[in-house]
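Protein sequences appear in the order of chains A and B. UniProt numbering applies: residue 1 is where the first sequence begins, and numbers increase by one. UniProt numbering applies: residue 1 is where the second sequence begins, and numbers increase by one. Right, one structure below, let's go through it.
Number of protein chains: 2
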Amino acid sequence: MGTTKTEAFTATDLLLAKYAKALAHPARVAILRILLERQSCICGDIVEELPLSQSTVSQHLKELKEAGLIKGDIDGKKVCYCIDEQAWKQAQQMLQVLFSNYTPCGTNCC
Amino acid sequence: MGTTKTEAFTATDLLLAKYAKALAHPARVAILRILLERQSCICGDIVEELPLSQSTVSQHLKELKEAGLIKGDIDGKKVCYCIDEQAWKQAQQMLQVLFSNYTPCGTNCC
DNA sequence: AGTTATTATCGTAACTTTACGATGATAAAC
DNA sequence: GTTTATCATCGTAAAGTTACGATAATAACT
């Protein structure tokens with residue numbers, strides 16, 4: 001046990017859950033905010049903005065990369081991070097569709 | 001270890017991460033879709049729509065409740081579930097603000 | 001070649017999540 | 001009051017997450 005029954009769900013729900021999971025830790029939200037803050041890519045020094053160790057930040061970056069939300073290209077000694085435009089827009093759209101699907105319930109049971 | 005350093009992050013990022021975490025499992029996305037599908041509250045029988053055991057579904061419902069996204073009021077023998085309008089709209093807005101903060105990077109490094 | 005700087009990965013401890021069966025709790029139905 | 005239906009909770013096994021120090025990998029600099 002301890003494993004999600006992936007075969008039981010739709011591809012859409014799996015993908016949406018994957019994107020949501022990437023956002024499901026405050027450190028990763030903070031990292032994304034740092035990347036959003038700049039217009040350009042940011043080369044390293046994300047570690048200095050967060051009160052976490054270098055290895056922990058690297059691990060969070062890896063998860064964001066695996067979810068597809070960010071890219072990291074090698075640029076000499078440093079690595080250049082930025083938001084992946086396509087995945088970002090897809091996640092945005094999927095979330096927007098889900099959330100805007102809400103209409104307040106007519107019954108007064110809750 | 002194994003615990004998030006909550007004190008290190010802003011209240012906004014913690015809340016956003018909490019909402020995202022609620023969406024970070026396909027079963028919970030599926031449950032929310034079921035609740036969204038109806039205009040009214042849904043009394044029980046969510047279990048029958050998912051290929052998971054009753055206890056597992058109940059656990060997912062609990063997590064959605066703890067994140068604040070849904071409410072569950074007792075209605076005799078059954079329990080009446082529905083989306084919590086306020087939290088839903090807050091989550092929607094916070095996500096929308098985060099995602100719309102993106103502008104493609106000018107540099108061509110990635 | 002040796003040093004320095006930067007990032008990734010490994011190893012590991014502690015905690016959390018996912019899933020299920022079994023058991024409880026509560027209220028309607030008989 | 002006993003049964004039935006519905007949902008929550010407990011207990012537990014397996015897997016995943018979070019965090020950090022230590023170590024490895026890579027490339028620039030001397």
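Even glycine gets a Cβ: it sits at the ideal position worked out from N, Cα and C. Only a predicted model underlies this, so the values are computations on that prediction, with no experimental measurement involved.
- For K62(A), the enclosing alpha helix (DSSP H) covers residues 54-67.
- Considering only F99(A), Q54(A), M1(A), the residue with the shortest C-alpha distance to A30(B) is F99(A).
- For L52(B), the chain A residues whose C-beta falls within less than 9 Å of its own C-beta are K5, A8, listed in chain order.
- Secondary structure at D45(A): coil, using DSSP grouped into helix, strand and coil.
- About 7 Å separates the Cβ atoms of L15(B) and M94(B), confirming a contact at the 8 Å cut-off.
- Around the beta carbon of A20(B), 16 or more other beta carbons sit within 10 angstroms, so the residue counts as buried.
- Non-local C-beta neighbours of G44(B) in its own chain, meaning closer than 7 Å and more than five positions away in sequence, comprise K78, V79, ordered along the chain.
- The beta carbon of G44(B) does not come within 9 Å of any beta carbon belonging to chain A, so the residue lies off that interface.
- Excluding the 5 residues flanking it on each side, D73(A) has same chain C-beta neighbours closer than 6 Å at C80, in chain order.
- Between I34(A) and chain B, the shortest Cβ-Cβ separation is not below 9 Å.
- Closer than 9 Å to the CB of H25(A) there is at least one CB belonging to chain B.
- Residue burial is scored here from C-beta neighbours: P26(B) has at least 16 other C-beta atoms within 10 angstroms and is therefore classed as buried.
- Residue burial annotation: V57(B) is buried, with at least 16 other C-beta atoms found within 10 angstroms of its C-beta.
- The C-beta of K62(A) comes no closer than 9 Å to any C-beta of chain B.
- Apart from sequence neighbours up to five positions away, the residues of its chain that approach K18(B) with a beta-carbon distance below 7 Å are A67, ordered along the chain.
- For S40(B), the nearest CB of chain A lies under 9 Å from its own CB, placing it at the interface with that chain.
- Annotated as distal: L23(B) and I70(B), with beta-carbon spacing of 9 Å or more.
- Listed by position along chain A, the residues whose Cβ is nearer than 8 Å to that of E48(B) form an empty set, because the closest Cβ is around 14 Å away.
- For Y19(A), the enclosing alpha helix (DSSP H) stretches over residues 11-22.
- Collapsing the DSSP output to three states places K78(A) in a strand.
- In the DSSP assignment, G72(A) is bridged to Y81(A).
- Comparing alpha carbon positions, the residue from L64(B), Q39(B), S53(B), D13(B) closest to T103(A) is Q39(B).
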